[in-house]
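Here the sequence shown is numbered in this note's numbering, starting from 46 and rising by one per residue. A short write-up of the structure that comes next.
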Amino acid sequence: MGFKLNKWDKRFLEIVHIMTSWSKDPSTKCAALIVRPNRSIVSFGVNNFPQGIEDKPERLNDRPLKYELVVHSETNALLHARENVAFCTMYCSTVPCCRCAMSMIQVGITRVICITPSEDYISRWGDSIKKTIDLFVEAGIIIGWEGK
Numbered sequence: 046m047g048f049k050l051n052k053w054d055k056r057f058l059e060i061v062h063i064m065t066s067w068s069k070d071p072s073t074k075c076a077a078l079i080v081r082p083n084r085s086i087v088s089f090g091v092n093n094f095p096q097g098i099e100d101k102p103e104r105l106n107d108r109p110l111k112y113e114l115v116v117h118s119e120t121n122a123l124l125h126a127r128e129n130v131a132f133c134t135m136y137c138s139t140v141p142c143c144r145c146a147m148s149m150i151q152v153g154i155t156r157v158i159c160i161t162p163s164e165d166y167i168s169r170w171g172d173s174i175k176k177t178i179d180l181f182v183e184a185g186i187i188i189g190w191e192g193k
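Right, here's the structure in full:
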C-alpha cells in the first residue's frame, strides 16, 4: 500500500470492472485478471459455479448454498492460467478473501491491485479483508487500490 497506480494499473482495473458483469451472482459480482510483468494478460476469472454446474436461481439466491458452490474469481483466474504466474500482478474487483490470498501467495503473485471496496462489502467482509492485508504484508506482496 502507499503507491500511486500507474496508467496500466488503471486500464487493467477498467477491464476487471467490465468483466464483473459476466458473473451470474445476483448480489456480488467479482472478476480477476492476471497480468505478466510485460503487461500482457495471462488469465482471467469471474465468480461462478464450477463447469457443468447449472446456474439455477434457487442456488444463486440461497446464500449459504451459493457460498459453498461458487468458485471465486481469483481462484478461477489461477485455475485457468496455463503457465507459471510467479511475479505476475492480479487485478481484482475487490480485496480478495483470505483463502484466495493464500492461493495467490502460494503461486507467487507479487502485486495485487483492487477496485476500492464498497462500504457494503467492507461491512460484510471486513474481518476477511484485514486477514488478507495482513497475509499480503507478511508475504511481501504489494497491495493497492484505486485512490490509495
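Think of the CB as a built atom: it goes at the ideal place given N, C-alpha and C, for glycine as much as any other residue. These numbers were taken from a predicted model, which means no experiment stands behind them.
Cβ shell of residue i (< 7 Å), same chain only, five flanking positions each side left out
i: TYR166; result: THR139
Member of the options whose CA lies at the smallest distance from the CA of residue i
i: PRO264; options: TRP67, LYS74 and LYS49; result: Past the edges of the chain, shown from 46 to 193, lies residue 264, and the structure says nothing about it.
i: ILE63; options: TRP190, ASP107, PHE89 and PRO82; result: PHE89
i: LYS52; options: ARG108, ARG84 and GLN151; result: ARG84
i: SER68; options: THR155, PRO95 and ASN129; result: PRO95
Buried or exposed (CB count within 10 angstroms, at least 16 for buried), residue i
i: ALA131; result: exposed
i: LEU58; result: buried
i: GLY153; result: exposed
i: VAL157; result: buried
i: PHE48; result: exposed
i: SER72; result: exposed
i: SER66; result: exposed
Chain-order list of residues whose beta-carbon lies under 8 Å from that of residue i (same chain, five-residue window excluded)
i: ASP70; result: ASN92, ASN93, LEU105, LYS111 and VAL115
i: SER148; result: GLU119, THR120 and LEU123
6 Å CB neighbourhood of residue i in its chain, flanking five on each side removed
i: SER141; result: One point to set straight first is that residue 141 is Pro, not Ser, in the sequence displayed. Answer for PRO141: GLU119 and THR177, listed in chain order.
C-beta contact flag for residue i and residue j at 9 Å
i: VAL87; j: ALA126; result: yes
i: VAL61; j: CYS137; result: yes
i: LEU50; j: GLU191; result: yes
i: ASP54; j: GLY189; result: yes
i: ILE186; j: ILE160; result: no
i: SER173; j: CYS133; result: no
i: LEU180; j: MET135; result: no
Short CB-CB distance (under 9 Å) between residue i and chain C
i: MET135; result: Absent from the structure: chain C. Only one protein chain is present.
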